[in-house]
Structures are given as C-alpha cells and as structure tokens.
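Quick notes on the structure that follows.
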Amino acid sequence: MTFKTDYRLGEHDPLLWPQPYLEPQCHLACIPRRVEVFEESARPVFKILFHQVSSPDFWPLANGPISGLGFLRGERMASLKKLGNFLQGQFDGLDPKITGSTPIFGGLLVFIKRTLVSLESLPMTERQALFFFAEIQRYMLKFSAGYRYLTIYKPRMISVLPAFTRVEALVGAFVFTLADADNFMRAGIPVWLIRPAALAGTVRVEKLVDLIEPRDRLGLVDAYDAYPVCYEGPPVNIDRYMTFAHYTATFLSYHNPFQSDSSTPSTSFVHVFPSQPSLSKAGPPPGSSGVDRRQPSSSSSRHTPCKC
Numbered sequence: 002m003t004f005k006t007d008y009r010l011g012e013h014d015p016l017l018w019p020q021p022y023l024e025p026q027c028h029l030a031c032i033p034r035r036v037e038v039f040e041e042s043a044r045p046v047f048k049i050l051f052h053q054v055s056s057p058d059f060w061p062l063a064n065g066p067i068s069g070l071g072f073l074r075g076e077r078m079a080s081l082k083k084l085g086n087f088l089q090g091q092f093d094g095l096d097p098k099i100t101g102s103t104p105i106f107g108g109l110l111v112f113i114k115r116t117l118v119s120l121e122s123l124p125m126t127e128r129q130a131l132f133f134f135a136e137i138q139r140y141m142l143k144f145s146a147g148y149r150y151l152t153i154y155k156p157r158m159i160s161v162l163p164a165f166t167r168v169e170a171l172v173g174a175f176v177f178t179l180a181d182a183d184n185f186m187r188a189g190i191p192v193w194l195i196r197p198a199a200l201a202g203t204v205r206v207e208k209l210v211d212l213i214e215p216r217d218r219l220g221l222v223d224a225y226d227a228y229p230v231c232y233e234g235p236p237v238n239i240d241r242y243m244t245f246a247h248y249t250a251t252f253l254s255y256h257n258p259f260q261s262d263s264s265t266p267s268t269s270f271v272h273v274f275p276s277q278p279s280l281s282k283a284g285p286p287p288g289s290s291g292v293d294r295r296q297p298s299s300s301s302s303r304h305t306p307c308k309c
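Converting from the sequence shown to our numbering requires adding 1 to each position, the first position being numbered 1.
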C-alpha cells in the first residue's frame, strides 16, 4: 500500500473506498462522497474538498531565485482558508466536554492551520504543493467526518435522534458483527456485513448484484515519483493509518547541519511538522510490516469519537 499518481491510496484509501471497520477510526465510515451530503447553505464552502488535485493547481514563480518553485493557485488557497475558518467555527461550537474527550479535533485543526501557512508562505516544488493540497483535503474530510459522526450519526445510533430512513452518500465500511451493522443502518451509513462463505446456504439473499471494481473508479497506478513509505500487513490494523500519518507529518524534512553524516536518519533531519497526535494505543499485530512506521503512543482510546 502506497501513494498513487493522484496522491491517494487507491482502494486502501478511506477517503475513496470502504475499509474494514476499526473502532478507533469509527468516523472514517462517515467520510462524504459528494458535497450534497452537507447542508445546502454550507455546500459551496465544502466544494473544494472534492476537487481532484492536478498540475493546473500549481502556480510556478516566474522570477524566483530557483526555478521550479511556486505556490498553490490563489483561488484554491482562498477556498481552503475559507473552509478552515468554517471548521474552526464548528470546533468552537462543540460542547467543551466533547472537545476535551476527543483531542483528535484539536490535533487535526493544528495540522490544517500549519498546512495552510506552508502552502501560502513557503515556495515548494509542484510535487510538494500538490501533495499538501491533497493532504489538507484529507485532514478536512477527517475533521468533517468526525464532527458529523458525533453530532449526527452517533445520536441516531443511540436513539437520541430518530433512525434515518435512507442511506447517505458516505464512503461507509465493511463490518463483521450484527451490532455494528445495525448501528450503521440506524445512522444511515452505507454498510457491508461480511459473513463466512460456509454460511452461504443459511443466509437469506434477496438479490445478487455485480461487484464494483476499484480499478473502474479509482487511480491505482503507483506514483511515478516513488514515495519512500508503504505498508504491508492486515487491513484490520490501525498501524496502517499511523504509517502514512507519520510520513505526511515529516514530509517536509531537511538535513540538520549540526549533525554528523554518521547520524541516523531519525536524528539528522529537521521536521517542519511534528508527528500527528496518536489515535489509539493499539500496536501492530504479529506479521505486519511497513516502511517509515512508528508505534502508536500509549495515549488512551478517548482520542476516538467512538469513546465519547
């Protein structure tokens, strides 16, 4: 699993394709697939999240001291800043008990703000600028998914709000228990219940449908400029998310001139961004492996919206 030419993770990307349900990442099932998911008055400001990153989004400096550097185009930058202010307002309007028990929101906002500053003030190569454009879309979609999970979908699951009568245009998830399937259905989140093949003769099937192939809808070609990060292991493991979160957080890294050449890579580079906040205390299961990985910290599971 690694980055593709569109700066996404193909069929393994929770922004694009349903993934196996993991409780510490419960909100990823609520990633919107279309802007119509949002309230009509807010749709224009969220539209930037569904823009496909491409070369025309990069504006090269004409008279810069070094050729090849530039910025994200002004209209894209303005849209991102406007949405950043909108998300800050949503955060400020949350119950302090929620923001205190789910620091994931504050952590995501920190990365949104830092990425905005970098995109606006730091000349970058096209690859760097477009990578960070795609990543800030990811941060903002995750924030929005978590916010909507806590304010809309979880209240439906626990009957604080009435159960939804239709399925919303969300990414959804694959689940393995009837309880999770029931919660998702009550909330209006797309869900696929995985059952053992041995039960095929005992499960009621109302209709057979054709499978949707990821290759028909997603970019699955690995990036031509290889990214030195990948994950190999089971999909039901939070460490695969932490692998790419850590790489993104250290993407803008520069050699530390005060370190000797014999220093290890982890100490000889200065990271523009610190590591992202941990989302779980779970470690990798036996047999999993990856490049540029880190062990999740021992922080408690209250970092996840599921534990509010």
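Don't be surprised by glycine CBs; every beta carbon is placed ideally from N, CA and C.
Taken through DSSP and simplified to helix, strand or coil, M158 comes out as helix. Straight across, the Cα-Cα distance linking E37 with P197 is about 35 Å. For the 7 Å CB-CB criterion, Y154 and P306 do not form a contact.
At a Cβ-Cβ threshold of 7 Å, R77 and W60 do not count as neighbours.
When DSSP states are grouped into helix, strand and coil, K5 belongs to the strand group. DSSP, reduced to helix, strand and coil, places E233 within a strand of the structure shown. Going by beta carbons, F165 and I195 fall outside the 7 Å limit. Between the C-alpha atoms of I159 and L16 there is a straight-line separation of about 25 Å. With respect to the 7 Å criterion, L84 and V46 are classified as neighbours on the basis of their beta carbons. Proximity to N86 across M141, P163, P229 peaks at M141, based on C-alpha coordinates. Taken atom to atom, the span from the alpha-carbon of D93 to that of G202 is near 52 Å.
Pairing S80 with I49 gives a Cβ-Cβ distance under 7 Å.
About 6 Å separates the Cβ atoms of V172 and A30, confirming a contact at the 8 Å cut-off.
In this structure, the beta-carbon distance from V192 to A180 does not fall below 7 Å.
Here A174 carries a strand assignment [DSSP, helix/strand/coil]. Selection H52, I213, F39, E121 evaluated against E12 yields I213 as nearest (Cα-Cα). Burial check for G147: the Cβ neighbour count within 10 Å reaches 16 or more, so the residue is buried. Per the DSSP secondary-structure output, T251 pairs with nothing in a beta bridge. Within the same chain, Cβ atoms closer than 8 Å to the Cβ of P156 are found at L162, the five residues on either side in sequence being excluded. Look at P25 here: in three-state DSSP terms it is helix. Straight through space, the alpha carbons of E207 and L200 are spaced by roughly 15 Å.
Going by DSSP, F39 is part of no alpha helix (DSSP H) at all; its letter is neither H nor E.
Of the candidates I32, T244, E24, A224, the residue whose Cα lies closest to the Cα of L131 is A224. About 12 Å separates the CB atoms of F144 and T116; that is not less than 8 Å, and the two are not in contact. By the neighbour-count criterion, in which a residue is buried when 16 or more other Cβ atoms sit within 10 angstroms of its Cβ, T6 is exposed. Across the structure, L62 and D96 are spaced so that their CA atoms are roughly 44 Å apart. Distances from the CA of S55 to each of P25, Y8, Q20, K82 were compared; the closest alpha carbon is that of Y8.
In this structure, DSSP gives D93 a helical state, which the three-state scheme calls helix.
For the pair T126 and N257, the Cα-to-Cα distance works out to about 20 Å.
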